[in-house]
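*Asks:* Read left to right, the sequence shown gives residues 119 to 282 (my numbering).
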Amino acid sequence: RWNRLPPPPGFSETSKAHAKAPSKTSSMSAAALDSHEALKRKRAWDFAISPVKSLPMQAFMLYMSGGGVQIFSMGIVAMLLLSPFKNLSAMNTAFAPFAPGPPSSPSAKSLSTLPLQKLAYLACNILTLALGLWKCRSMGLLPTGTGDWLAFESRGPAPEISLF
Numbered sequence: 119r120w121n122r123l124p125p126p127p128g129f130s131e132t133s134k135a136h137a138k139a140p141s142k143t144s145s146m147s148a149a150a151l152d153s154h155e156a157l158k159r160k161r162a163w164d165f166a167i168s169p170v171k172s173l174p175m176q177a178f179m180l181y182m183s184g185g186g187v188q189i190f191s192m193g194i195v196a197m198l199l200l201s202p203f204k205n206l207s208a209m210n211t212a213f214a215p216f217a218p219g220p221p222s223s224p225s226a227k228s229l230s231t232l233p234l235q236k237l238a239y240l241a242c243n244i245l246t247l248a249l250g251l252w253k254c255r256s257m258g259l260l261p262t263g264t265g266d267w268l269a270f271e272s273r274g275p276a277p278e279i280s281l282f
């Protein structure tokens with residue numbers, strides 16, 4: 119009953135045969151492999167700068183949370199301070215799918231594969247950390263003034279005692 123239906127618009131038998139053909143890496147042409155590696159490099163760059171793409175939204179969240187020390191602003195600051203460390207600890211695993219060659223190879227998780235992308239990823243995460251530290255400073259949580267260090271200052275002898 120359904121066999122007599124006409125094919126949908128844009129359907130051709132050649133596309134059907136192409137879809138059924140096995141797409142193995144060994145049967146791919148050299149140009150297709152080069153374009154696949156170029157796409158992997160492009161995706162690696164997109165992933166490397168992804169922390170910077172979220173900075174405007176995080177800055178808006180910090181602005182909306184206010185300057186006081188409340189639970190909401192502390193949660194956002196904790197996220198900003200912890201996420202760069204989480205990202206950097208899993209950096210090699212995160213870049214493994216973009217490494218040249220098969221992602222399951224041991225060299226895919228090495229620090230020397232995709233060094234420029236990993237360096238850009240490190241810089242972007244440092245910017246996220248800097249935004250979190252700036253918010254901590256503006257909330258008064260970082261000891262930046264001289265009054266914050268009074269407990270560690272030593273006092274000189276009193277002038278009355280120094281006469282003797």
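Don't be surprised by glycine CBs; every beta carbon is placed ideally from N, CA and C.
Remember, predicted model here, so these are calculated numbers, not experimental data.
If you draw a straight line from the alpha carbon of Ser147 to that of His154, how long is it in whole angstroms?
*Replies:* Numbered from 1 along the sequence shown, position 29 holds the residue referred to as residue 147. Numbered from 1 along the sequence shown, position 36 holds the residue referred to as residue 154. Their Cα atoms are separated by approximately 11 Å.
*Asks:* Given this structure, state the Cα-to-Cα distance separating Ser207 from Leu251, to the nearest angstrom.
*Replies:* In the sequence shown, the residue the question calls residue 207 occupies position 89. In the sequence shown, the residue the question calls residue 251 occupies position 133. Taking the straight line from one Cα to the other gives about 19 Å.
*Asks:* Would you call the stretch 268-277 and the stretch 197-211 touching, i.e. three or more CB-CB distances under 8 Å?
*Replies:* Taking 8 Å as the limit for Cβ pairs, the verdict is that the stretch 197-211 does not touch the stretch 268-277.
*Asks:* Is it the case that the Cβ atoms of Ile167 and Ala217 are separated by a distance below 8 Å?
*Replies:* Walking along the sequence shown from the start, residue 167 turns up at place 49. Walking along the sequence shown from the start, residue 217 turns up at place 99. No, the Cβ-Cβ distance between Ile167 and Ala217 is not below 8 Å.
*Asks:* Cβ of Gly185 within 8 Å of Cβ of Ser256?
*Replies:* Against the sequence shown, residue 185 aligns to sequence position 67. Against the sequence shown, residue 256 aligns to sequence position 138. In contact: Gly185 and Ser256 (Cβ atoms closer than 8 Å).
*Asks:* Could you tell me the distance, in whole angstroms, from the CA atom of Ser183 to the CA atom of Asp164?
*Replies:* Locating residue 183 in the sequence shown gives position 65, where the first residue counts as 1. Locating residue 164 in the sequence shown gives position 46, where the first residue counts as 1. Going by the C-alpha atoms only, they are around 29 Å apart.
*Asks:* Please identify the residue among Ala177, Phe190 and Lys158 whose C-alpha is closest to the C-alpha of Pro220.
*Replies:* Translated into positions along the sequence shown, residue 220 becomes position 102. Ranking the options by Cα distance to Pro220, first place goes to Lys158.
*Asks:* At the level of alpha carbons, what is the spacing between Gln188 and Tyr181?
*Replies:* To locate residue 188, count along the sequence shown from 1; it is residue 70. To locate residue 181, count along the sequence shown from 1; it is residue 63. Near 13 Å, if we compare the C-alpha coordinates of Tyr181 and Gln188.
*Asks:* From Thr264, Leu123, Met175 and Asn210, pick the residue whose C-alpha is nearest to that of Ile194; which is it?
*Replies:* As a working mapping, residue 194 is identified with position 76 in the sequence shown. Closest option to Ile194, Cα to Cα, is Met175.
*Asks:* Would you kindly work out how many angstroms separate the C-alpha atoms of Leu245 and Asp152, rounded to a whole number?
*Replies:* Here residue 245 refers to the residue found at position 127 of the sequence shown. Here residue 152 refers to the residue found at position 34 of the sequence shown. Near 33 Å, if we compare the C-alpha coordinates of Asp152 and Leu245.
*Asks:* Count the other CB atoms within 10 Å of the CB of Pro261; is the residue buried (16 or more) or exposed (fewer)?
*Replies:* For the purposes of this step, residue 261 is taken as the residue at position 143 of the sequence shown. The residue is exposed, with fewer than 16 neighbouring Cβ atoms inside 10 Å.
*Asks:* Label Leu268 either buried or exposed according to how many other C-beta atoms from any shown protein chain fall within 10 Å of its C-beta, with 16 as the threshold for buried.
*Replies:* Walking along the sequence shown from the start, residue 268 turns up at place 150. Its Cβ having fewer than 16 others within 10 Å, Leu268 is exposed.
*Asks:* In whole angstroms, give me the CA-to-CA distance for Ser144 and Ser223.
*Replies:* Within the sequence shown, numbered from 1, the residue matching residue 144 stands at position 26. Within the sequence shown, numbered from 1, the residue matching residue 223 stands at position 105. Bear in mind that the predicted position of Ser144 carries a pLDDT of just 49, short of 50, making it too unreliable to give a figure here.
*Asks:* Could you tell me the alpha carbon to alpha carbon distance between Pro127 and Ala150, rounded to whole angstroms?
*Replies:* Walking along the sequence shown from the start, residue 127 turns up at place 9. Walking along the sequence shown from the start, residue 150 turns up at place 32. Pro127 and Ala150: Cα-Cα distance of roughly 28 Å.
*Asks:* Using DSSP with H/G/I as helix, E/B as strand and the rest coil, what is Leu157?
*Replies:* The count along the sequence shown starts at 1 and reaches residue 157 at position 39. It is helical.
*Asks:* Please identify the residue among Leu249, Phe270, Thr264 and Arg161 whose C-alpha is closest to the C-alpha of Phe178.
*Replies:* Walking along the sequence shown from the start, residue 178 turns up at place 60. That would be Leu249, whose Cα lies nearest to the Cα of Phe178.
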